[in-house]
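> Sharing a structure below in structure tokens format, with a few things to ask.
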Amino acid sequence: MVTFLPSRPGRLADVPSFDRGIGGAESNVACVLAAAGHTTRWISRVGADGFGDHLVEAIGGYGVDVSHVRRDPARPTGVYFRTAGDRATDAHEVAYYRAGSAASAMTAANLDLEAVRAGRVLHLSGITPALSADCLTLIRELTAPHPARPLISFDVNYRPALWRDTHGPEILLDLARGADIVFVGEDEAEEAWGVTGDPSHIREALPEPKMLVVKQGAGGAVAFCEPAGSRTASHSRSRGQSYRVAQPLPRAVVPQGGTGGRDGTPSAPGRADTPRPATTAPALEVDVVATTGAGDAFAAGFLSATLRDLPLRDRLRHGHLMAAAALTTPGDLAPPPPRPLADRLVALDDTAWGKLRLGPGWTQADEDERAEKEARTP
22 MVTFLPSRPG RLADVPSFDR GIGGAESNVA CVLAAAGHTT RWISRVGADG
72 FGDHLVEAIG GYGVDVSHVR RDPARPTGVY FRTAGDRATD AHEVAYYRAG
122 SAASAMTAAN LDLEAVRAGR VLHLSGITPA LSADCLTLIR ELTAPHPARP
172 LISFDVNYRP ALWRDTHGPE ILLDLARGAD IVFVGEDEAE EAWGVTGDPS
222 HIREALPEPK MLVVKQGAGG AVAFCEPAGS RTASHSRSRG QSYRVAQPLP
272 RAVVPQGGTG GRDGTPSAPG RADTPRPATT APALEVDVVA TTGAGDAFAA
322 GFLSATLRDL PLRDRLRHGH LMAAAALTTP GDLAPPPPRP LADRLVALDD
372 TAWGKLRLGP GWTQADEDER AEKEARTP
């Protein structure tokens, strides 16, 4: 969708003008991954209008394959307006205009599912199923067992304003249970499901995914990874069943594809059939310019490192670095750090990692250093 960013802080009622940009959790992840050197494809539907033209051209400009985006002559491209405040605060306002949009009409019949499933990783978010009943059916189709199913990544992205259905939290929980990698914030888990306290409580509510990444804001992130052999062999419910979440939920099994390894699936160290302990990575100290897009950037960094089959701690650190790139720039999308710089920072010991402080322009450090060396060369 097209995003309208305020020209200055203030209530939507008071802001006199807005700057146009691109928005969307999935497209943000695709753009960051493409900028980081990965081959990515974004599949959606946009209107046959100027805003649709802008989205396709802007996202394609990041190097993302947009050849499978469909144009809908009968429905407009979705738009939204937001204030300059932090989304996590009460002062933040968002006005969505997505009802009846082209994207809300996505179905398994009007998308090329072969193209959707062609990648090594398929990244989905909890925003899409909130758009319409058709979108919910589509996401359920994509998270269901299928012979051609790739590794499924799912960012919960709970947006109460989009859910007219009061069962939104239960629907998101059900979809997350069908994914391989799940990203969720502690604040989201509390607001949507009433799960509070230690991140292990969120894992108790979501035991099925091969990997669960709990984002703790400035506190860092925790990843739970468990070999498939350690899961319960019984399946106690059908997909689509809803739960009211007031306490840890009953275990259930969702069939998963892949056994781990260099196809991007999280590997099980030693291939043991015992649960792997949680892995943590502290967040970095960052001079924040704007928070929008940081969660999507974190997911992109983690997935980038997953595609490279890096250790779990390094995946979390790459997520933090991508998030830091977004936090130190004003827009939704930021140039990622060059891979050599990111790898060098990720390899720091815990003490050096804890001393890092990143501010605006830090992602260009390698380029600045190279330019300085070239200037010194006779």
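Numbering (our numbering), first residue to last: 22 to 399.
Even for Gly, the Cβ is constructed at its ideal location relative to N, Cα and C.
1. Pull up the CB-CB distance for Lys-236 and Phe-175, whole angstroms please, since I reckon it's below 8 Å.
2. I want to know whether the segment 167-184 touches the segment 141-149 - three or more CB-CB distances under 8 Å.
3. With a floor of 4 residues, list each alpha helix (DSSP H) that falls wholly inside the segment 122-179, ordered by position along the chain.
4. How many Å lie between Leu-354 and Arg-41 at the Cα?
5. Between Arg-62 and Gly-45, what straight-line distance do the alpha-carbon atoms span, to the nearest angstrom?
6. For Ile-64 and Ser-38, what's the separation of their Cα atoms in angstroms?
7. Report the rounded CA-to-CA distance for Gly-31 versus Ala-130, giving the unit in angstroms.
8. Specify whether the segment 203-214 and the segment 231-247 touch according to this definition: at least 3 beta carbon pairs, one from each stretch, less than 8 Å apart.
9. Taking Asp-201 and Pro-181 to be in contact with their CB atoms under 8 Å, please state how far apart those CB atoms are, rounded to whole angstroms.
10. Tell me whether Ala-304 sits in a helix, a strand or coil according to DSSP, three-state version.
11. With DSSP run on the structure shown, which of helix, strand or coil describes Arg-29?
12. From the DSSP output, in three-state form, read off Val-367 for me.
13. Measure the CB-CB distance between Leu-348 and Val-309 and report whether it falls below 9 Å.
14. Between the C-alpha atoms of Thr-60 and Pro-357, what's the straight-line distance to the nearest angstrom?
15. What number of angstroms, rounded off, separates the C-alpha of Ser-263 from the C-alpha of Asp-186?
16. Between Ala-57 and the rest of its own chain, which residues show a CB-CB distance below 6 Å, the 5 nearest in sequence each way excluded?
17. Along the alpha helix (DSSP H) that carries Arg-224, what are the first and last residues, could you check?
18. Rounded to whole angstroms, what's the CA-CA distance from Ile-192 to Arg-170? Just pull it up for me.
19. Use the C-beta contact count for Glu-135: other C-beta atoms within 10 angstroms, 16 or more gives buried, fewer gives exposed.
20. Is the beta carbon of Leu-366 sitting closer than 9 Å to the one on Leu-342?
21. Please list, in chain order, all residues of the same chain as Thr-384 whose beta carbon is under 6 Å from its beta carbon, the five residues on each side excluded.
22. Let me know the secondary structure DSSP gives Ile-80 once reduced to three states.
23. Can you name, in chain order, every residue of its own chain whose Cβ lies under 8 Å from the Cβ of Leu-328, other than the five neighbours on each side?
24. Determine, using beta carbons only, whether Arg-92 and Gly-73 come nearer to each other than 9 Å.
25. Is Phe-25 near Arg-103, with beta carbons less than 9 Å apart?
26. Just to confirm my understanding: we take Trp-184, look at its own chain, exclude 5 residues before and 5 after, and list those with CB closer than 6 Å. What are they?
27. Are there 16 or more other CB atoms within 10 angstroms of the CB of Thr-295, so buried, or fewer, so exposed?
28. Given this structure, state the Cα-to-Cα distance separating Asp-35 from Leu-227, to the nearest angstrom.
29. Using a 10 Å radius around the Cβ and a threshold of 16 neighbouring Cβ atoms, would you call Ala-95 buried or exposed?
30. Whole angstroms is fine: what's the gap from Ala-386's alpha carbon to Leu-362's?
31. Quick check: the Cα distance between Gly-380 and Thr-312, rounded to an integer number of angstroms?
32. Can you have a look at Gly-322 and say buried or exposed, based on whether 16 or more other CB atoms are within 10 angstroms of its CB?
33. For Thr-313, does the three-state DSSP call read helix, strand or coil?
34. Specify the secondary structure class of Ala-95 as computed by DSSP and reduced to three states.
35. To the nearest angstrom, how far is the alpha carbon of Thr-301 from that of Leu-76?
Short version:
1. The Cβ separation is near 14 Å, so there is no contact.
2. Contact between the segment 167-184 and the segment 141-149 is present, with at least three C-beta pairs closer than 8 Å.
3. Within the segment 122-179, the complete alpha helix (DSSP H) runs of at least 4 residues are 134-137 and 154-164.
4. Straight-line Cα distance between these residues: approximately 13 Å.
5. For Arg-62 and Gly-45, the gap between their C-alpha atoms comes out near 14 Å.
6. When rounded, the separation of the alpha-carbon atoms in Ile-64 and Ser-38 is 31 Å.
7. If you take the alpha carbons of Gly-31 and Ala-130, they lie about 43 Å apart.
8. The segment 203-214 is in contact with the segment 231-247.
9. With a beta-carbon spacing of about 26 Å, Asp-201 and Pro-181 fall beyond the 8 Å limit used to define contacts.
10. Here Ala-304 carries a coil assignment [DSSP, helix/strand/coil].
11. Coil.
12. Val-367: helix per DSSP, three-state reduction.
13. Yes, the Cβ-Cβ distance between Leu-348 and Val-309 is below 9 Å.
14. Straight-line Cα distance between these residues: approximately 15 Å.
15. For Ser-263, the predicted structure reports a pLDDT of 34, less than 50, and the residue's modelled location is therefore unreliable. A value from the coordinates is still provided. Linking Ser-263 to Asp-186 through their CA atoms gives a straight-line distance of about 12 Å.
16. For Ala-57, where only same-chain residues beyond five positions count, the Cβ hits under 6 Å are Ser-325 and Pro-357.
17. Under the DSSP assignment, Arg-224 falls in the alpha helix (DSSP H) whose first and last residues are 220-226.
18. Each residue's Cα considered, the two are about 21 Å apart.
19. Burial check for Glu-135: the Cβ neighbour count within 10 Å stays below 16, so the residue is exposed.
20. In this structure, Leu-366 places its C-beta atom within 9 Å of the C-beta atom of Leu-342.
21. Within the same chain, Ala-346, Pro-356 and Pro-358 come within 6 Å of Thr-384 by CB-CB distance, once the 5 residues on both sides are set aside.
22. In the three-state scheme derived from DSSP, where H, G and I count as helix and E and B as strand, Ile-80 is classed as helix.
23. Around Leu-328, the same chain offers His-59, Arg-141, Val-142 and Gly-285 as residues with beta carbons nearer than 8 Å, after the five sequence neighbours per side are excluded.
24. Result yes, Cβ atoms of Arg-92 and Gly-73 sit closer than 9 Å.
25. A contact, by the Cβ cut-off of 9 Å.
26. Residues Ala-151 of the same chain have their beta carbon placed closer than 6 Å to that of Trp-184, with the five preceding and five following residues left out of the count.
27. In this predicted model, Thr-295 has a pLDDT of only 42, less than 50, meaning its place in the structure is not dependable enough to derive any value.
28. Rounded to whole angstroms, Asp-35 to Leu-227 spans 42 Å at the Cα level.
29. Exposed: under 16 other Cβ atoms inside 10 Å.
30. Each residue's alpha carbon lies about 8 Å from the other.
31. The alpha-carbon atoms of Gly-380 and Thr-312 are separated by roughly 13 Å.
32. Burial is judged here by how many other beta carbons sit within 10 angstroms of a residue's own beta carbon; Gly-322 has at least 16 and is buried.
33. The three-state secondary structure of Thr-313, taken from DSSP, is coil.
34. Note: Ala-95 maps to coil in three-state DSSP.
35. Here the alpha carbons of Leu-76 and Thr-301 stand approximately 36 Å from one another.
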